[in-house]
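Undergrad: Position 267 (the sequence shown) corresponds to 267 in the UniProt record's numbering; numbering is contiguous.
Please see the structure below; I have some questions.
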Amino acid sequence: MSQPRLKTRLGDLLVAEGIITEAQLQQALASQHRLGRKLGRALVELGYLSEQQLLSFLSHQLKIPYLDIAERRLDPSLAKLIPEVLARRYRALVLEVDEDSVLIGMSDPADLQALDALEERLAPRELRLAVVEEAQLLNAFDGLYRRTQEIASFASQLEEEHQQTADFDFGTLAREDGEGGATVARLLQSLFEDAVQMRASDIHIEPEQHQLRIRQRIDGVLQENVLKEARVASALVLRLKLMAELDISERRLPQDGRFHMQIRGHSIDVRVSTMPVQYGEAVVMRLLDQSAGLLTLEQTGMPADLVAHFRRNLKRPHGMVLVTGPTGSGKTTTLYGALAELNEASKKIITVEDPVEYRLPRINQVQVNQKIGLNFSQVLRTTLRHDPDILMVGEMRDEETVEIGLRGAITGHLVLSTLHTNDAVTCALRLIDMGAQGYLVASALRAVIAQRLVRRLCSKCARPQPLDPKDKLLLEQLNQGPLDETGFKAPHGCQACNHTGYRGRIGVFELLELDGAMNEAMRSQDPQAFTLAAHRHPLYRPLVQMALDYARQGVTSAEEVLKLWDSAEVEA
1 MSQPRLKTRL GDLLVAEGII TEAQLQQALA SQHRLGRKLG RALVELGYLS EQQLLSFLSH
61 QLKIPYLDIA ERRLDPSLAK LIPEVLARRY RALVLEVDED SVLIGMSDPA DLQALDALEE
121 RLAPRELRLA VVEEAQLLNA FDGLYRRTQE IASFASQLEE EHQQTADFDF GTLAREDGEG
181 GATVARLLQS LFEDAVQMRA SDIHIEPEQH QLRIRQRIDG VLQENVLKEA RVASALVLRL
241 KLMAELDISE RRLPQDGRFH MQIRGHSIDV RVSTMPVQYG EAVVMRLLDQ SAGLLTLEQT
301 GMPADLVAHF RRNLKRPHGM VLVTGPTGSG KTTTLYGALA ELNEASKKII TVEDPVEYRL
361 PRINQVQVNQ KIGLNFSQVL RTTLRHDPDI LMVGEMRDEE TVEIGLRGAI TGHLVLSTLH
421 TNDAVTCALR LIDMGAQGYL VASALRAVIA QRLVRRLCSK CARPQPLDPK DKLLLEQLNQ
481 GPLDETGFKA PHGCQACNHT GYRGRIGVFE LLELDGAMNE AMRSQDPQAF TLAAHRHPLY
541 RPLVQMALDY ARQGVTSAEE VLKLWDSAEV EA
C-alpha cells in the first residue's frame, strides 16, 4: 500500500491525545452502530469536536496535507477517474495526476475500505492523500459530475446507431420502444437531471445547421452546451411533444403544453413551448420545482417594512393590488406567497391563470384556454357569479379584463393581479392607457408592488473589495451623496457557485400605496401630477435604492446594482 494508514484506531488516538474522553468515545461508537455512520462524523454531529479539529488531527497523524479546495479550479476529466457513485460513497475526489501518482482529497483518509477500493481503481498509480472538508467535496461533486459528457455520449450513440443513411428520420425514434427510443429517453433524462442538479429554471433546445445548442438558464444567466449531432434534435423535440401531449404532426406552428416528472427526488412541472425555426423546431422548457414549496413573502427578499404594508393591503376586504415587473421577475412567486397567507377556510378564493403554475388546496384555480375562447375576461366575468372573496387574475392583458377586474374590486372583492410595466408609478398609469376610467382606477386601486431579481453573491467566496472609482461615482450619484463602501463585496468564484461568484437570486421591490393626492390626479387623468405625488409619498423608494441597500450589506454586488439601474434607465 502506498498511502499512509493509522496504526491505531481513530477513537483510541483521539482519547490518547485528550481531544475526547473515553465516555464520549463510547457514546459516539453507540451512535455509529445505531445510525450506520462513520466514527468521525458521529463525533462531529455529537459536538465532541469540530470537523476542522478532526481533519487537522488526521492531517497531523497521517502526515498528509489539509487542503482547502473551495476556490480551487478542479478538472472534471480528472474527477471522473473515480465514478460518481464511488466518489460520493467514499467522499473522495481526484485533485491532481502525474505519471506515477494520483492526489486524492478525502474527508476520511482513515477509511481502510475506501483506500483499498480506490487503490484498486486507480492502479498502477500510487495514491497520495489529502484531507478535505466533506461539505467542500459535496459542493465539488455537484459541479464536476454534471451530465454534459453523458448527454454528448447519448447524442453520439444515437447518431452512430443510425448513420447508415442520411435520410433516416430521427423523429420516428421518439415513438419507438426499441434501442433508439430508449437512447432518446436516456438522453432526455440526463438533460433534466443535469438541469435540476444545477438549479436551472429553463432549458433551451435550439437546432442549427451543423450542431444542436442546449442552454440552461441558471440564476438568470444562460449557460450552453453544444452538441455536434444536429440530427438528433428532431428525436428530442418529438419525444417532448409526446410527453406534453402536443400535436406531433404540426411542425409549422408554435405549440404549448406541460408534463410532470420526478427527477433526483424533486417533483418537477415542465412547461413546454415549441417554435418553428430555420433548421427545425426550437423548444424552451420552464422547470417548476413543486417539491420546493411556496416562498413566504419574507423569503422573496421583501424587507420587513414593505411586507407589513403589503399585508395591510391584503387584509382589506376589497380593492385591487397589482404586482408589476418584466417577465421572469418573480411576480407570480410574490402573488402565490400572498395567496398562501390568505388561504383560509372562511374565504372563497378563485384564480384565473395562464398557465396554472402551482396547485393550491382549497383554492379554485381556472386554466385559461384561448383555443376554445376561454380567455381572462370571460372567466373573470363568470367567477364574479361564484361568490368569491378574493380573485387572482394572472395578468391584466386587455381593456375588458381591466374593466371587469376594477369593477370587481369596487363591489366587495379583493382583486390581485400582475401587469407588465417598468415600475409601480407607470403601472397605475398603464390602466388608464388600457382604457380604464380615471375615477374607476382611483376608487379601486389600493397598492402596486414593482419588483426585479438580482443575483446573490455566493456566501462562501464573496470578498470585501474597494469599489472601482467609476462605479463608486455612479453609485454616489444614485445615492445622492457620499457612499460608505465598507460593506460592499465582489464575486470571486468557488466550487459552491460553479466559479460564477453568484448563487441564487433575491427580489428587490418598490411599493406604491395610493393616497388622496394620487387619487385626485388619477381622477383628473393628470400623469404628471400623479408621478409627482407618487415620488413625494414617504413610503416610496425606487427599487434601485433597495438594490443599493443589498449591495451595502454584501448580499449582491455593485455590478448587479448598476446593471439594474442601466435597465431602468433604458426602459424609462
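By construction, the Cβ of each residue, glycine as well, lies at the ideal position given by its N, Cα and C atoms.
Here the structure is a predicted model, which is why all the values come from computation and not from measurement.
Determine the direct distance from the alpha carbon of residue 501 to that of residue 462, and round the result to whole angstroms.
TA: Answer to the nearest angstrom: the Cα atoms are 7 Å apart.
Undergrad: Around the C-beta of residue 484, are 16 or more other C-beta atoms found within 10 angstroms, so that it is buried, or is it exposed?
TA: Residue 484 is exposed by the Cβ-count criterion.
Undergrad: Take residue 533 as the anchor and find which of 17, 466, 429 has the nearest alpha-carbon.
TA: 429
Undergrad: Spatial neighbours of residue 139 within its chain, please: CB distance less than 6 Å, with the 5 preceding and 5 following residues excluded, ordered by chain position.
TA: 495, 496
Undergrad: Would you list, in sequence order, the uninterrupted beta strand (DSSP E) runs of no fewer than 3 residues that lie entirely inside the stretch 241-300?
TA: 255-263, 266-277, 280-289
Undergrad: Quickly, what does DSSP pair residue 39 with across the bridge? List them, please.
TA: For residue 39, which the question treats as bridged, DSSP gives no partner whatsoever.
Undergrad: Could you tell me which uninterrupted alpha helix (DSSP H) segments, each at least 4 residues in length, are contained entirely in the stretch 428-494, listed from first to last along the chain?
TA: 438-444, 469-479
Undergrad: If contacts are defined as beta-carbon pairs under 8 Å, then residue 237 and residue 206 qualify, I think. What distance do you get, rounded to the angstrom?
TA: That pair is no contact at about 11 Å.
Undergrad: Residue range of the beta strand (DSSP E) that residue 217 falls in?
TA: 212-218
Undergrad: When the Cα atoms are used, what is the spatial distance from residue 228 to residue 565?
TA: 39 Å
Undergrad: May I have a chain-ordered list of the alpha helix (DSSP H) segments no shorter than 4 residues that lie completely inside the stretch 356-411?
TA: 376-383, 399-409
Undergrad: Spell out a yes or no on whether the stretch 380-400 and the stretch 295-309 are touching, meaning 3 or more CB-CB pairs, one atom from each, closer than 8 Å.
TA: With the cut-off at 8 Å, the stretch 380-400 and the stretch 295-309 do not touch.
Undergrad: Taking only runs of the alpha helix (DSSP H) that begin and end inside the stretch 75-148, which ones reach a length of at least 4 residues, in chain order?
TA: Fully enclosed alpha helix (DSSP H) runs of no fewer than 4 residues occupy 76-79, 84-90, 112-122, 134-144 of the stretch 75-148, in order along the chain.
Undergrad: Taking the CB atoms as reference points, tell me whether residue 446 and residue 321 lie closer together than 8 Å.
TA: yes
Undergrad: Nearest CA to the CA of residue 245: which residue from 226, 271, 511?
TA: 271
Undergrad: Tell me the rounded alpha-carbon separation between residue 338 and residue 316.
TA: 13 Å
Undergrad: Touch check for the stretch 318-332 and the stretch 409-426: three-plus C-beta pairs under 8 Å?
TA: yes
Undergrad: Report whether the distance from the Cβ of residue 450 to the nearest heavy atom of the ligand GDP is below 7 Å.
TA: Questions concerning the ligand GDP fall outside what the structure shown contains, since it holds no ligand whatsoever.
Undergrad: Can you give the beta carbon distance from residue 4 to residue 129, rounded, assuming they're within the 8 Å contact cut?
TA: 7 Å
Undergrad: Quick one: what's residue 505 bridged to in DSSP?
TA: 455, per the DSSP bridge assignment.
Undergrad: What does residue 335 pair with, by DSSP beta-bridge criteria?
TA: In DSSP, residue 335 forms no bridge with anything.
Undergrad: Using a Cβ-Cβ cutoff of less than 7 Å, which residues in the same chain neighbour residue 251 once the five nearest sequence positions on both sides are dropped?
TA: Contacts found: 276, 281.
Undergrad: Straight-line CA distance for residue 11 to residue 25?
TA: 6 Å
Undergrad: Say whether the stretch 105-119 touches the stretch 56-64, bearing in mind that this needs 3 or more beta-carbon pairs closer than 8 Å, one atom from each stretch.
TA: yes
Undergrad: Please state if the CB of residue 489 and the CB of residue 457 are separated by a distance shorter than 8 Å.
TA: yes
Undergrad: Using the C-alpha atoms, what's the distance from residue 35 back to residue 217?
TA: 39 Å
Undergrad: What's the gap between the Cα of residue 352 and the Cα of residue 253?
TA: 26 Å
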